[in-house]
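K.L.:
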Amino acid sequence: MEECIGGLRHLYMTVFLSGFASLMVIPAITDITMLALCPGQDECSLAIYLSGFQQAIIGLGTVVMTPLIGNLSDVYGRKSLLTVPLALSIIPLVILAYSRETNFFYAYFALRTVTAMVCEGSINCLTLAYVADTVPERERVPAFGILAGFLSASFVCGTLAARFLSTASTFQVAAFASMLATIYMRVFLKESLPGRDGTLRQPILKGGSDAIEEDGYSPETIEVFKKVPSAGDLICLLRSSKTLSQAAIVSFFQSLAEGGLQASLMYFLKARFHFNKNQFADLMLIVGISGTVSQLLFMPMLAPVIGEEKLLSIGLLVGSFNMFLNSISWAVWVPYAATLFSAFGFLVQPSIRSIASKQVGPNEQGKAQGCISGISSFANIVSPLIFSPLTALFLSEEAPFYFPGFSIMCIGLAMIIAFVQSTMIRASPISSHKISSIISVDST
């Protein structure tokens, strides 16, 4: 186990630097958005709607891009495809590192929306597929947990840095860290080799098409666009395993809840308790520490004992308590107390990804992880369309009844649905779809 995990150290560092860059700006972006759109106000429906619109558009793009990038990485390699989202993520940060004036905010908003369509889910999808390439199946759960733990650690360090840096310095440091992540990955990270044959199925820099020799078959010319998975391909993949389809349903409702929380919670706290940048940073710091502890300590210890299926259900159930407690916040200390439950919520995604990785063959890890990421992205389209108007309504004077946290309560219900579905997932033997994939790889 230690040998496998040690072989991923450059991937972990890449994830840490990338996460540090993207997550450290979150405490500041709410204030910047409201200053640009509604200066001097604590409640701004325009900011809520615009953030929800951005989240929906990003989700729409990632629904298409994440399965595409994941599938292409099965052919061209993880490192080659990982370069694209890492490089694109630098651009929006550089804009706000230069200036936070209104015109620059709108430029950031537009470019962040466009680049996030490629970056938002792709980095996570490709790093998960890289781990699946490298780590044996029985050791993937703790490996996925450690990967998520490094992301949580970057969240903690980024939030801590944002807590003590000025807004201008926060974006400057984030832009530098994003550049460093890209350079580090290109220099130190080795290209992964999907499957077991020890070679990439096709180098990415080779010209338009290539002939692939297969036993018993004449060479075929494969166009790049023919490698783009269609909706039918993804549906066929999900139908190949009942467990995989159940994991996809859980991922949808869990992402629906997480997306709703992202679209609602900060604006709820801003309106309810007048939270500022430092208070957001303190709250996120507690959440990040909880996530780091759960993923680096709890998950490697608990997953081999109780299995990722039970770990998934526990994470969803306790995560729903976090939502409900936030929704009825009656004092400023309640959101901080609710973060105690968030430690278990961080167990959810690594568990889902581990379950999904075990249902497909070695040459389909990118496609499977991309499929789950695409479903999560679709949930991120639906989520702001539901929860942003609901949040704006119940924070306004036109609310049908006084319950500022009503939208957060509804988010908790989505998490409960995910929990109920997760209880139907059972540890299953290797699917026939996976067996056939393994046999085809071993025979080459």
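Per numbering that gives the first Met the number 0, residue 0 is the first one in the sequence shown, and the count goes up by one each step.
Think of the CB as a built atom: it goes at the ideal place given N, C-alpha and C, for glycine as much as any other residue.
Considering Met-300, what are the terminal residues of the alpha helix (DSSP H) in which it resides?
P.N.:
Residues 298 to 326.
K.L.:
Which same chain residues end up closer than 7 Å to Thr-65 when comparing Cβ atoms and leaving out the 5 residues on each side of it in sequence?
P.N.:
Once the five neighbours on either side are set aside, the close Cβ partners of Thr-65 are Gly-120, Ser-121, Cys-124, Gly-369, Ser-372, Gly-373, Ser-376.
K.L.:
What's the gap between the Cα of Phe-163 and the Cα of Ser-153?
P.N.:
Spanning the two alpha carbons is a distance of roughly 16 Å.
K.L.:
What residues in its chain sit with their C-beta under 8 Å from that of Tyr-183, if we drop five residues either side in the sequence?
P.N.:
Hits under 8 Å: His-9, Met-12, Thr-13, Leu-16.
K.L.:
For Gln-456 and Ser-79, I'd like the C-alpha separation in whole angstroms.
P.N.:
The structure shown does not extend to residue 456, since the chain spans only 0 to 443, so no value can be given for it.
K.L.:
From Asn-275 to Thr-112, what does the alpha carbon distance come to, in whole angstroms?
P.N.:
C-alpha separation (whole angstroms): 24 Å.
K.L.:
Looking at chain D, is there any beta carbon in it that lies within less than 8 Å of the beta carbon of Asn-379?
P.N.:
In the displayed structure, chain D is absent; only one protein chain is listed.
K.L.:
Tell me the residue span of the alpha helix (DSSP H) that contains Arg-139.
P.N.:
That run of the alpha helix (DSSP H) goes 139 to 163.
K.L.:
Could you pull out every residue in the same chain whose Cβ sits closer than 6 Å to the Cβ of Phe-187, ignoring the five residues on either side in sequence?
P.N.:
Answer for Phe-187: His-9, listed in chain order.
K.L.:
Is Met-414 helix, strand or coil when you go by DSSP?
P.N.:
Three-state result, Met-414: helix.
K.L.:
Let's see if you can read the secondary structure: which residues bound the alpha helix (DSSP H) around Arg-111?
P.N.:
Start and end: 101 to 133.
K.L.:
Does Glu-397 come out as helix, strand or coil in the three-state DSSP assignment?
P.N.:
Reduced to three states, the DSSP call for Glu-397 is coil.
K.L.:
Candidates Thr-29, Ala-46, Ile-28: which alpha carbon is nearest Leu-36's?
P.N.:
Here the closest residue by C-alpha is Ala-46.
K.L.:
Applying the criterion that 16 or more other CB atoms from any shown protein chain within 10 Å of the CB defines a buried residue, is Phe-108 buried or exposed?
P.N.:
Flag for Phe-108 reads buried.
K.L.:
Mapping the DSSP letters down to three states, classify Gln-261 as helix, strand or coil.
P.N.:
Three-state result, Gln-261: helix.
K.L.:
If we ignore side chains and look at the alpha-carbon of each, how far apart do Ile-452 and Met-414 end up?
P.N.:
Past the edges of the chain, shown from 0 to 443, lies residue 452, and the structure says nothing about it.
K.L.:
What's the C-alpha gap between Ala-128 and Ser-191?
P.N.:
Distance between the alpha carbons of Ala-128 and Ser-191: 9 Å.
K.L.:
DSSP state of Ser-88, grouped into three classes?
P.N.:
If DSSP states are grouped into helix, strand and coil, Ser-88 belongs with coil.
K.L.:
Of the choices Gln-294, Phe-323, Asn-362, Arg-185, whose alpha-carbon is the least far from that of Asp-73?
P.N.:
It is Asn-362.
K.L.:
Which of the three DSSP states is assigned to Val-63 in this structure?
P.N.:
In the structure shown, Val-63 sits in a helix (DSSP, three-state: H, G or I).
K.L.:
Among the residues of its own chain, which have a CB less than 6 Å from the CB of Leu-150, if the five just before and after it don't count?
P.N.:
Counting only Cβ-Cβ distances below 6 Å, and skipping sequence neighbours, we find Val-14, Gly-18.
K.L.:
Might you give, ordered along the chain, the residues of its own chain that have their beta carbon closer than 6 Å to the beta carbon of Ile-288, omitting 5 neighbours on each side?
P.N.:
For Ile-288, where only same-chain residues beyond five positions count, the Cβ hits under 6 Å are Val-155.
K.L.:
Looking only at its own chain, which residues have a Cβ that is under 7 Å from the Cβ of Ala-106, when we skip the five neighbours before and after it?
P.N.:
Closer than 7 Å at Cβ, skipping near neighbours: Ile-94.
K.L.:
Using only alpha-carbon positions, find the residue among Phe-343, Val-286, Gly-259 that is nearest to Gly-411.
P.N.:
Among Phe-343, Val-286, Gly-259, the Cα nearest to that of Gly-411 is on Gly-259.
K.L.:
Note down the Cα distance separating Ser-168 from Phe-345, rounded to an integer number of angstroms.
P.N.:
Distance between the alpha carbons of Ser-168 and Phe-345: 29 Å.
K.L.:
For Phe-272, which residues of its own chain have a beta-carbon under 6 Å away from its beta-carbon, when the five flanking residues on both sides are left out?
P.N.:
For Phe-272, where only same-chain residues beyond five positions count, the Cβ hits under 6 Å are Val-331.
K.L.:
When you compare only the Cα positions, how much space is there between Gly-148 and Phe-297?
P.N.:
Cα-Cα distance, rounded: 10 Å.
K.L.:
Which class does Gly-206 belong to by DSSP, given the choice of helix, strand or coil?
P.N.:
Below a pLDDT of 50, predicted positions are generally treated as unreliable, and Gly-206, at 43, falls in that range; the measurement from the model is reported next regardless. Here Gly-206 sits in coil by DSSP.
K.L.:
Closer than 7 Å by C-beta to Ala-180: which residues in its own chain qualify, once you throw out the five before and the five after it? Chain order, please.
P.N.:
Here the set comprises Thr-13, Leu-16, Ser-17, Ala-20, Leu-85.
K.L.:
With a cut-off of 8 Å, do at least 3 Cβ pairs link the stretch 416 to 425 to the stretch 231 to 251?
P.N.:
The stretch 416 to 425 is in contact with the stretch 231 to 251.
K.L.:
Please say whether Ser-406 and Ser-263 have beta carbons closer to each other than 8 Å?
P.N.:
Contact: yes.
K.L.:
Taking contact to mean at least 3 C-beta pairs separated by less than 8 Å, is the stretch 298 to 317 in contact with the stretch 388 to 407?
P.N.:
Result no; under three Cβ-Cβ pairs closer than 8 Å.
K.L.:
Taking the beta carbon of Tyr-216 as the centre, do at least 16 other beta carbons fall within 10 Å, making it buried, or is it exposed?
P.N.:
A caution first: Tyr-216 carries a pLDDT of 37, below 50, which makes its placement in the model too unreliable to give a value.
K.L.:
What residues in its chain sit with their C-beta under 7 Å from that of Leu-59, if we drop five residues either side in the sequence?
P.N.:
These residues qualify, in order along the chain: Ile-380.
K.L.:
Could you say which of Asp-30, Ser-353, Leu-384, Arg-77 lies nearest to Pro-135 if we only look at CA atoms?
P.N.:
Of the listed residues, the one whose Cα sits closest to Pro-135 is Ser-353.
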